[in-house]
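Order-wise, the sequence lines are chains U and A.
First residue of the first sequence: 4, per the numbering used here; consecutive thereafter.
First residue of the second sequence: 290, per the numbering used here; consecutive thereafter.
Just so you know, even glycine gets a beta-carbon here, dropped at the ideal spot from N, CA and C.
Just so we're clear, the structure is a prediction, and the values are computed from it rather than from any experiment.
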Amino acid sequence: MAVRLPIYLDNNATTPVDPRVLEAMIPYLTSEFGNAASRNHVFGWKAEEAVERARERIAALIGAEAKDIVFTSGATESDNLAIKGVAAMYKDKGNHIITCLTEHKAVLDPCKRLEEAGYAVTWLRPDEFGRVSAEQVDEALTDKTILVTLMAANNEIGTLHPIDRIGRLCKQRGVLLHTDATQAVGKVPISVDSMGIDLLSCSAHKIYGPKGVGALYVRRRGPRVRLVCQMDGGGHERGMRSGTLNVPGIVGMGAAAEICRTEMTAEGARLTALRDRLHQGIVAGLDHLKLNGHPTERLPNTLNLSFAYVEGEALMMKMKDIAVSSGSACTSASLEPSHVLRAMGVGDDLAHSSIRFSLGRFNTEEEMDFAAGQVVKAVKELRQLSPLYEMAQEGVDLKDVKWKK
Amino acid sequence: MPYSEKVLDHFANPRNVGSLDKSSARVGTGIVGAPECGDVLKLQIEVDDGGRIVDAKFKTFGCGSAIAASSLATEWLKGRTVHEATELKNTQIAEELSLPPVKIHCSVLAEDAIKAAIEDWKKKNNR
């Protein structure tokens with residue numbers, strides 16, 4: 004079977020819309036165009052029904068009830084709503100928030116803003132696999148803590164946090180737990196009740212749905228979580244998020260969620276096998292590699308490797324037939340290397356040499372073999388250009404060198 | 290596309306990749322940058338008795354623009370005298386490669402590497 008180029012291996016950045024999702028959305032972009040808030044005619048009623056069906060499907064994916072789901076424009080907005088909303092609502096109860104250095108900027112930046120506004124924030128440092136433990140959270144909790152916000156799975160390295168243990172701890176201590184589950188939802192099982200999750204953010208475009216729509220799960224019982232809403236207006240979503248609902252997007256998200264729910268187990272196994280095939284193919288052809296992320300507690304589709312002595316952006320340019328991303332500074336707008344890798348203690352040199360492969364529903368075995376071949380070839384070619392590789396071959400310990408910066 | 294045709298060309302076909310004998314008195318070696326910065330350029334020049342650069346080689350750990358800047362630098366160095374080489378400016382490299390603002394530092398590093406190689410050669414030859 005011929006492989007179609009370029010091969011997309013950046014599914015943690017975004018996913019293509021599944022044809023079944025697109026099919027479900029089309030009526031809502033054409034004949035069923037009503038505003039879900041139009042209470043007085045069939046156009047509105049049909050839109051509302053479609054939204055409610057989607058709500059149920061998203062809830063089912065995370066073990067929640069439809070009424071617990073608030074629609075937003077995406078996980079970034081959901082994170083902002085959860086963190087700022089809880090901080091404002093519970094400020095008389097306390098002003099301490101706990102999070103982790105490897106969170107997505109959509110969590111880190113709201114926390115920074117709160118810190119500047121006078122809240123106390125504890126930024127937990129993960130272990131070398133990017134994992135934070137329940138013990139670390141336990142030590143950090145105070146009687147002023149009102150929120151713990153920890154991602155279920157990391158977008159760069161795929162590492163899974165022990166959310167169930169952290170959730171149980173938070174329940175015992177009466178502290179709300181928010182999890183940015185954008186990368187975990189649809190890939191690994193999530194159950195808000197057994198994991199003790201009070202708020203959860205997710206996004207459609209990471210689960211083969213359209214961009215521009217996401218959801219925030221807000222617990223209604225045990226305890227009932229309240230938020231100060233961040234988008235004022237017509238009072239939509241039970242006053243938690245005003246704004247006309249993106250009906251086609253929501254329908255798409257619902258369809259995507261339903262597909263994930265029914266296919267997750269089989270797809271998880273398939274992706275793990277593909278990922279390991281890619282990994283083995285690369286390891287067979289190269290040395291001086293480092294896996295970034297937990298070896299086992301990791302998303303089935305994510306493989307983040309550092310290729311010593313070559314730089315990430317150059318590597319991506321050389322591997323022009325595969326689409327991936329890198330933790331190198333050269334690829335970020337801020338010219339800083341990946342904050343995730345830094346927080347884990349991966350040296351900046353290896354951060355600059357990192358590549359993230361994130362597989363998806365439409366990747367095949369043939370693509371893994373082709374990609375592994377491209378990676379091996381590209382790394383070998385760039386190592387021929389690399390003064391660091393040359394020095395390493397000569398037996399120089401790069402840590403002893405005095406660099407002229 | 291963030292890369293100019295020239296950067297892509299130098300990246301696909303880098304000129305003068307390799308190493309010269311760093312122990313030779315005719316060779317000047319400059320190494321600038323640091324692994325933790327994501328850029329390390331090694332530039333070497335071989336200079337004849339008349340002070341003319343007869344060969345130049347590079348090796349670079351860095352992005353496509355850094356590789357292109359060092360490749361271009363070796364091209365420009367060959368045939369120039371050491372004195373002429375000291376006048377090469379990063380702005381010329383940046384302009385030739387149409388480097389965007391965020392990549393200008395790659396050309397600065399290339400200029401630094403040229404100067405470091407020249408300084409090394411001068412030190413070895415008491416110039």
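Selected residue, minimal CA-CA separation from U/D324, among U/V6, U/I10, U/A5: Here residue 324 of chain U refers to the residue found at position 321 when the first sequence is read from its first residue. It is U/I10 whose Cα lies nearest to the Cα of U/D324.
CB contact check: A/V316 to chain U, cutoff 8 Å: If you number the second sequence from 1, residue 316 of chain A lands on position 27. False, the Cβ-Cβ gap to chain U never drops below 8 Å.
Environment of U/Q377 [buried if 16+ CB atoms lie within 10 Å]: Locating residue 377 of chain U in the first sequence gives position 374, where the first residue counts as 1. Burial call: buried.
Where U/Q396 falls: helix, strand or coil (DSSP): Here residue 396 of chain U refers to the residue found at position 393 of the first sequence. Helix at U/Q396.
For A/R315, three-class secondary structure by DSSP: As a working note, residue 315 of chain A is residue 26 in the second sequence. Per DSSP, reduced to three states, the secondary structure at A/R315 is coil, with no helix or strand assignment.
Interface residues of the segment 326-355 of chain U facing chain A [CB-CB below 9 Å]: Of all residues in the segment 326-355 of chain U, S331, A332, C333, T334, A336, L338, P340, G350, D351, D352, L353, A354, H355 have a Cβ within less than 9 Å of some Cβ in chain A.
A/I334 at chain U interface by Cβ criterion, 8 Å: In the second sequence, counting from the first residue as 1, residue 334 of chain A sits at position 45. False, the Cβ-Cβ gap to chain U never drops below 8 Å.
Proximity winner among U/F365, U/G350, U/H355, relative to U/E131 (alpha-carbon distances): As a position in the first sequence, residue 131 of chain U is number 128, starting the count at 1. Taking each of U/F365, U/G350, U/H355 in turn and checking the Cα distance to U/E131, the smallest one comes out for U/G350.
Whole-number beta carbon distance between U/V191 and U/L302, since they are thought to touch under 8 Å: Taking the first sequence and counting its residues from 1, one reaches residue 302 of chain U at position 299. Taking the first sequence and counting its residues from 1, one reaches residue 191 of chain U at position 188. Their Cβ separation, rounded to whole angstroms, is 7 Å, which keeps U/L302 and U/V191 in contact under 8 Å.
Distance CB(U/L180)-CB(U/I86) smaller than 8 Å: Looking up residue 180 of chain U in the first sequence gives position 177. Looking up residue 86 of chain U in the first sequence gives position 83. When the beta-carbon positions are compared, U/L180 and U/I86 stay at least 8 Å from each other.
Nearest residue (CA-CA) to U/M198, options U/E339, U/G47, U/Q175: Sequence index remark: in the first sequence, residue 198 of chain U carries index 195 (1-based). It is U/Q175 whose Cα lies nearest to the Cα of U/M198.
Contact set between U/S3 and chain A, taken where Cβ atoms lie within less than 7 Å: Since the first residue shown for chain U is 4 and the last is 408, residue 3 of chain U is missing from the structure and cannot be characterised.
CB contact below 8 Å: A/V391 versus chain U: Numbered from its first residue, the second sequence carries residue 391 of chain A at position 102. Closer than 8 Å to some Cβ of chain U, the Cβ of A/V391 qualifies, so yes.
Beta carbon proximity, U/Q377 to chain A, threshold 8 Å: Mapped onto the first sequence, residue 377 of chain U falls at position 374. False, the Cβ-Cβ gap to chain A never drops below 8 Å.
Which residues DSSP lists as bridging U/S206, in chain order: Mapped onto the first sequence, residue 206 of chain U falls at position 203. For U/S206, which the question treats as bridged, DSSP gives the partners U/G217.
Residue of U/L353, U/T334, U/A336, U/S309 minimising C-alpha distance to U/V379: Translated into the one-based positions of the first sequence, residue 379 of chain U becomes position 376. Measuring from the Cα of U/V379, the nearest candidate turns out to be U/S309.
Minimum Cβ-Cβ distance from U/Q387 to chain A less than 8 Å: Residue mapping note: residue 387 of chain U aligns to position 384 of the first sequence, counting from 1. Yes, U/Q387 counts as interfacial toward chain A.
Option nearest A/Q333 by Cα separation, candidates A/E325, A/G353, A/G351, A/E364: Stepping through the second sequence from its first residue, residue 333 of chain A is reached at position 44. For A/Q333, the nearest C-alpha among the options comes from A/E364.
Cβ distance (whole Å) where U/F74 is taken to contact U/V216 below 8 Å: Translated into the one-based positions of the first sequence, residue 74 of chain U becomes position 71. Translated into the one-based positions of the first sequence, residue 216 of chain U becomes position 213. Contact flag correct, Cβ pair sits at about 7 Å.
A/D310 versus A/H299: straight-line alpha-carbon distance, rounded: Counted from its first residue, the second sequence places residue 310 of chain A at position 21. Counted from its first residue, the second sequence places residue 299 of chain A at position 10. Taking the straight line joining both Cα atoms gives about 24 Å.
DSSP beta-bridge partners of U/D141: Translated into positions along the first sequence, residue 141 of chain U becomes position 138. Note: U/D141 sits in no beta bridge, so no partner.
Spatial distance of U/Y125 from U/M154 (CA atoms): As a first step, residue 125 of chain U is located in the first sequence; it is residue number 122 there, counting from the start. As a first step, residue 154 of chain U is located in the first sequence; it is residue number 151 there, counting from the start. Checking the sequence shown, residue 125 of chain U turns out to be Thr, not Tyr. U/T125 and U/M154: Cα-Cα distance of roughly 15 Å.
Short CB-CB distance (under 8 Å) between U/K190 and chain A: The sequence position of residue 190 of chain U within the first sequence is 187, counting from 1. Not closer than 8 Å to any Cβ of chain A, the Cβ of U/K190 fails to qualify, so no.
Neighbour-count burial assignment, A/V343, 16 or more Cβ in a 10 Å radius: Working through the second sequence from its first residue, we reach residue 343 of chain A at position 54. Burial check for A/V343: the Cβ neighbour count within 10 Å stays below 16, so the residue is exposed.
Alpha-carbon to alpha-carbon, U/K70 and U/M243: Numbered from its first residue, the first sequence carries residue 243 of chain U at position 240. Numbered from its first residue, the first sequence carries residue 70 of chain U at position 67. One C-alpha to the other measures close to 12 Å.
Beta-carbon spacing of U/A156, U/A187 below 8 Å: What you label residue 156 of chain U is simply residue 153 of the first sequence in a count that begins at 1. What you label residue 187 of chain U is simply residue 184 of the first sequence in a count that begins at 1. Result yes, Cβ atoms of U/A156 and U/A187 sit closer than 8 Å.
Among U/I65, U/V399, U/Q387, U/L401, the one whose alpha carbon lies nearest that of A/P303: Against the second sequence, residue 303 of chain A aligns to sequence position 14. Comparing Cα positions, the closest option is U/Q387.
Sheet register partners of A/T370 (DSSP bridge): The residue given as residue 370 of chain A occupies position 81 in the second sequence. Looking at the DSSP assignment, A/T370 forms a beta bridge with A/R341.
Listed by chain order, chain U residues near A/I259 by CB distance under 7 Å: The shown model of chain A, from 290 to 416, leaves out residue 259 of chain A, and the question about it has no answer.
Boundaries (first-last residue) of the alpha helix (DSSP H) holding U/W48: The residue labelled residue 48 of chain U in the question sits at position 45 within the first sequence. Looking at the DSSP string, the run of the alpha helix (DSSP H) that includes U/W48 is 45-65.
Chain A contact for U/K1 (CB, 8 Å cutoff): Here chain U comprises residues numbered 4 to 408, so residue 1 of chain U is not present and cannot be evaluated.
Any 3 or more C-beta pairs closer than 8 Å across the segment 9-28 of chain U and the segment 348-365 of chain U: In short, these stretches touch, since the Cβ pair count reaches three.
Candidates U/R229, U/G77, U/S356, U/N98: closest to U/A184 by CA position: For this step, residue 184 of chain U is matched to residue 181 along the first sequence. With distances taken between Cα atoms, U/A184 lies closest to U/G77.
Inter-residue Cα distance where the pair is U/A287 and U/T299: Your numbering for residue 287 of chain U matches position 284 in the first sequence. Your numbering for residue 299 of chain U matches position 296 in the first sequence. Between U/A287 and U/T299, the C-alpha separation is close to 20 Å.
Chain-ordered neighbours of A/T349 on chain U, where CB pairs are closer than 9 Å: For the purposes of this step, residue 349 of chain A is taken as the residue at position 60 of the second sequence. Residues of chain U whose Cβ lies closer than 9 Å to the Cβ of A/T349 are, in chain order, E314, A317, L388, S389, P390.
Status (buried if at least 16 other CB within 10 Å, exposed otherwise) for A/S360: For this step, residue 360 of chain A is matched to residue 71 along the second sequence. Label assigned to A/S360: buried.
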